[in-house]
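Enquirer: Listed in order, the protein sequences are those of chains A and B.
Sequence positions in the first sequence follow the working numbering and run 1 to 304.
Sequence positions in the second sequence follow the working numbering and run 1001 to 1314.
Every residue, glycine too, gets a C-beta built ideally from N, C-alpha and C.
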Amino acid sequence: MAGSIPGSDLAERAAGLSRPAPEPLRARRWKVLRRAARARLAPFGGAVMLLAMLAALAAPVLAPYDPLAQNLGNTLARPGRAHLLGTDNVGRDVLSRVIWGTRVSLVAGLVSVALAVVAGTLLGILAGYFGGRVDGFVMRLMDAVLSFPPLVLALALGAVLGAGLTGVLLALGVVYTPTFARLMRGQVLSIEARDYVDAARALGASGWRVAWRHVVPNAINPIIVQASLSVAFAILAEASLSFLGLGIQPPQASWGSMINAGRGYLQQAPWIVFGPGGALFVTVVGLNFVGDAVRDALDPRVRG
Amino acid sequence: MGRLVLRRLGATVPVLLLVTAGVFLLLHLTPGDPIDVMMAESVDATVKENLRHELGLDRPLHVQYAAWMGRLLRGDLGRSIRNGEPVIENVSRRLRPSLELALCAMAISLVIAFPLGIASAMRRNTTIDRAGATFALCGICMPNFLLALLLIFLFGVTLRWLPISGYTDPLEEPWNGLRSLALPAVTLGLALAAVVTRTLRSSLLEALAEDYVRTARAKGLSEWQVIWSHVLKNALIPVVTVLGLQLGTLIGGAVITEYVFALPGVGRLVVDAVFARDYPLVQGVVLLIAVGFILSNLIVDVLYGWIDPRIRSR
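#1: Which word fits residue 130(A), buried or exposed, when buried means at least 16 other C-beta atoms lie within 10 angstroms of its C-beta?
#2: Listing by chain order, which chain B residues have their CB less than 7 angstroms from the CB of residue 356(A)?
#3: For the ligand MG, is there a heavy atom less than 7 angstroms away from the beta-carbon of residue 221(A)?
#4: Look at the alpha carbon of residue 158(A) and the alpha carbon of residue 249(A), and state the distance between them as a whole number of angstroms.
#5: If you pair each beta-carbon of the segment 1182–1198 of chain B with each one of the segment 1243–1254 of chain B, do three or more pairs fall below 8 angstroms?
#6: Ignore the nearest five residues each way along the sequence and tell me which others in residue 243(A)'s own chain have a CB closer than 8 angstroms to its CB.
#7: Pick helix, strand or coil for residue 305(A), following the three-state DSSP scheme.
#8: I'd like the span of the alpha helix (DSSP H) that includes residue 1189(B), first residue to last.
#9: Which residues bound the alpha helix (DSSP H) around residue 260(A)?
#10: Under 9 angstroms between beta-carbons, which chain B residues line up against residue 259(A)? List them in chain order, please.
#11: Nearest-angstrom Cα distance between residue 115(A) and residue 1223(B)?
#12: Could you check whether residue 1157(B) and residue 187(A) sit closer than 8 angstroms to each other, using their CB atoms as the reference points?
#13: Does the Cβ-Cβ distance between residue 1195(B) and residue 1242(B) come in under 8 angstroms?
#14: Check the Cβ-Cβ distances between residue 1035(B) and every residue of chain A, and say whether any is below 8 angstroms.
#15: Just the C-alpha distance for residue 1103(B) and residue 208(A), rounded to the nearest angstrom, thanks.
#16: Identify the contact partners of residue 144(A) in chain B, using a Cβ-Cβ distance below 7 angstroms as the criterion.
#17: Count the other CB atoms, across all protein chains shown, that sit within 10 Å of the CB of residue 184(A); report buried if there are 16 or more and exposed otherwise.
#18: Should residue 321(A) be flagged as near chain B, meaning a C-beta pair shorter than 8 angstroms?
#19: Indicate the three-state DSSP secondary structure (helix, strand or coil) for residue 1086(B) in the structure shown.
#20: Could one say the Cβ of residue 273(A) lies closer than 8 angstroms to chain B's Cβ atoms, at least one of them?
#21: Check for me: the alpha helix (DSSP H) holding residue 184(A) runs from which residue to which?
#22: For the alpha helix (DSSP H) containing residue 1316(B), name the first residue and the last one.
#23: Closest by CA to residue 170(A), which one among 215(A), 83(A), 226(A) and 234(A)?
#24: For residue 1079(B), which beta-bridge partners are listed by DSSP?
#25: Say whether chain A places a C-beta atom closer than 8 angstroms to the C-beta of residue 1263(B).
#26: Using the Cβ count rule (16 or more neighbours within 10 Å means buried), how would you classify residue 1122(B)?
#27: Taking contact to mean 3 or more Cβ pairs, one atom from each stretch, closer than 8 angstroms, check whether the segment 1225–1235 of chain B and the segment 1059–1074 of chain B are in contact.
#28: Residue range of the alpha helix (DSSP H) that residue 1065(B) falls in?
So this is what it looks like as structure tokens:
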């Protein structure tokens, strides 16, 4: 399993450029140090992730107020004991809305990446296995998807699929699919050339059995690494689309739409923006640490 | 070098075909009747029929595609439903603010990233290295719109130093123009600077471990001379790769930045067209952006060949 892993597109592009020179001791020591630094941060990432999951699952219990209940007598209230993050322009409790918004963000991040993993993996296996014309067509299709700036593609797809969470999930799923398809195809091609696959073939295993029992289990690690790194960026992307007005529609709370709604009150009530903004930033940083930790644990290239 | 360009161009053609097909099908993915989505219920049925006919939606799909491609090749991208103007004119009017924004952001990011990246690599594990790493992490994780609002809050609302929205052309009124571009360009530039700093630092570290660096040091060059004349050019290749890969993110960021700061650029046009359900305009602009994106990637590929002679021969 310690073979070459054609990583993300970045690594693929750079592969021909960097020479695998033997590492000097100093650089190796630096890597160990860096990993230690990351390991210190991984628990923070894990804690953030657990907290976000807890908030998402237990939102009805944790939220001190109804996230949709307006109170026009108490609008733009400063953060205080009654409302820890203040209230917005129609008197809704910002903290409650942030807690409920966690649900939308996590669902968006996890579901869209899951869609992309499934679609990308299947397409990658298809391309790597059948080769030739199928390979050419699938990969050109992926190139075509990649030749749109991600946000612009998601915007256009979201617009066509209609505003709402489903449209955004599908759009982001499409946007992230090529990464996984490329990754899986590379894996299939490199694993197909191994001796144990020949051995399985010689024993009379069918093509699907080889794919399912030998190729997929051996190819799965880089997919997991890429998926865990992608979740944070999918959450960012969902927030951006909600900010622009796609995604879950008001009055339902999502971090992006809350930030957009609060932008007119920056002067009087900056907490409407910076409450959900802080939650979004901390979540993304935390998930990034988790992604890095997963990569360190699974990727032999980084393990050094 | 010429062959490299030709080969890349050749590989681009099938992708371009698929992209046009995708953009064409965009309109047909709409659940329900696109005309009903574009126009209010109350609009007269004959008006709807006319639009349907004008857009060719009453003809078979392949005929529509052929007609659309034919017009495309003659440079006709259709007309906006809202203002009836050709898409090309809509876009070209919006191009200048977008390009100015992109150039300023690029300049800002390089001005920040190069000193910070080089300092981080030369003074590894010091305060400046850690500061650089923290900056890079924050820049990568910070959503564009949040950074924009933070800057607006600080410099626009609290300190009142800079305008928070609107656009003045710097080519006509240099001072006010640059002021109107300052916050958007910093928003976009900081995010890019974060990625470039991180890449530059790690590629410099890799290059510093090479044998020729030891040789250069052994012959008595100062650390600055080593960096400047031996390491930097070799460390530049991953930076160009990352800049190329970041281009898409940059364009997406520009869309959001233009939206937040009400800059009348191409990104703002996309958002407006999407929400006005002006599908011909969406199609046209998205296609133009994709083509621009493909061409810039082509330029990045060719840049490799220019920086690294080894690639030219491959």
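Expert: According to the structure shown:
#1: As a position in the first sequence, residue 130(A) is number 130, starting the count at 1. Answer is exposed; the Cβ neighbour count stays below 16.
#2: For chain A, the structure presents residues 1 to 304; residue 356(A) sits outside this window and is missing.
#3: With respect to the ligand MG, the structure shown offers nothing to examine, as it has no ligands at all.
#4: For the purposes of this step, residue 158(A) is taken as the residue at position 158 of the first sequence. For the purposes of this step, residue 249(A) is taken as the residue at position 249 of the first sequence. Those two C-alpha atoms are separated by around 13 angstroms.
#5: Yes, the segment 1182–1198 of chain B is in contact with the segment 1243–1254 of chain B.
#6: Here the question's residue 243(A) lines up with position 243 in the first sequence. Cβ neighbours of residue 243(A) beyond the five flanking positions: 256, 257, 259 and 260.
#7: As shown, chain A starts at 1 and ends at 304. That puts residue 305(A) outside it, with no answer to give.
#8: The residue you call residue 1189(B) lines up with position 189 of the second sequence. Unbroken alpha helix (DSSP H) run through residue 1189(B): 1174–1208.
#9: One-based indexing of the first sequence puts residue 260(A) at position 260. From DSSP, the alpha helix (DSSP H) with residue 260(A) extends over 255–262.
#10: To locate residue 259(A), count along the first sequence from 1; it is residue 259. Simply 1143, 1145, 1146 and 1149.
#11: For the purposes of this step, residue 115(A) is identified with residue 115 of the first sequence, where counting begins at 1. For the purposes of this step, residue 1223(B) is identified with residue 223 of the second sequence, where counting begins at 1. Those two C-alpha atoms are separated by around 50 angstroms.
#12: As a working note, residue 187(A) is residue 187 in the first sequence. As a working note, residue 1157(B) is residue 157 in the second sequence. Cβ atoms of residue 187(A) and residue 1157(B): not closer than 8 angstroms.
#13: Locating residue 1195(B) in the second sequence gives position 195, counting from the first residue. Locating residue 1242(B) in the second sequence gives position 242, counting from the first residue. Contact: yes.
#14: As a working mapping, residue 1035(B) is identified with position 35 in the second sequence. For residue 1035(B), the answer is no, since every Cβ of chain A falls outside 8 angstroms of its Cβ.
#15: Position 103 of the second sequence, counted from the start, is the residue given in the question as residue 1103(B). Position 208 of the first sequence, counted from the start, is the residue given in the question as residue 208(A). Cα-Cα distance, rounded: 51 angstroms.
#16: Working through the first sequence from its first residue, we reach residue 144(A) at position 144. Think of a sphere of 7 angstroms around the beta carbon of residue 144(A): the chain B residues whose beta carbon falls inside it are 1015, 1018, 1019 and 1022, in chain order.
#17: Taking the first residue of the first sequence as 1, we reach residue 184(A) at position 184. By the 10 Å Cβ count, residue 184(A) comes out buried.
#18: Here chain A covers residues 1 to 304 and nothing more, so residue 321(A) does not appear.
#19: The sequence position of residue 1086(B) within the second sequence is 86, counting from 1. Strand at residue 1086(B).
#20: Working through the first sequence from its first residue, we reach residue 273(A) at position 273. When Cβ-Cβ separations below 8 angstroms define contact, residue 273(A) makes contact with chain B.
#21: Position 184 of the first sequence, counted from the first residue, corresponds to residue 184(A). Counting along the chain, the alpha helix (DSSP H) containing residue 184(A) begins and ends at 165–192.
#22: Because chain B here runs from 1001 to 1314, residue 1316(B) falls outside it and cannot be looked at.
#23: Taking the first sequence and counting its residues from 1, one reaches residue 170(A) at position 170. Checking every option, the nearest Cα to that of residue 170(A) belongs to 234(A).
#24: Residue mapping note: residue 1079(B) aligns to position 79 of the second sequence, counting from 1. DSSP lists 1086(B) as partners of residue 1079(B).
#25: In the second sequence, residue 1263(B) corresponds to position 263, counting from 1. Residue 1263(B) does not count as touching chain A.
#26: As a position in the second sequence, residue 1122(B) is number 122, starting the count at 1. By the neighbour-count rule (16 or more Cβ atoms within 10 Å), residue 1122(B) is buried.
#27: Not touching, per the Cβ criterion.
#28: Numbered from 1 along the second sequence, position 65 holds the residue referred to as residue 1065(B). Unbroken alpha helix (DSSP H) run through residue 1065(B): 1061–1073.
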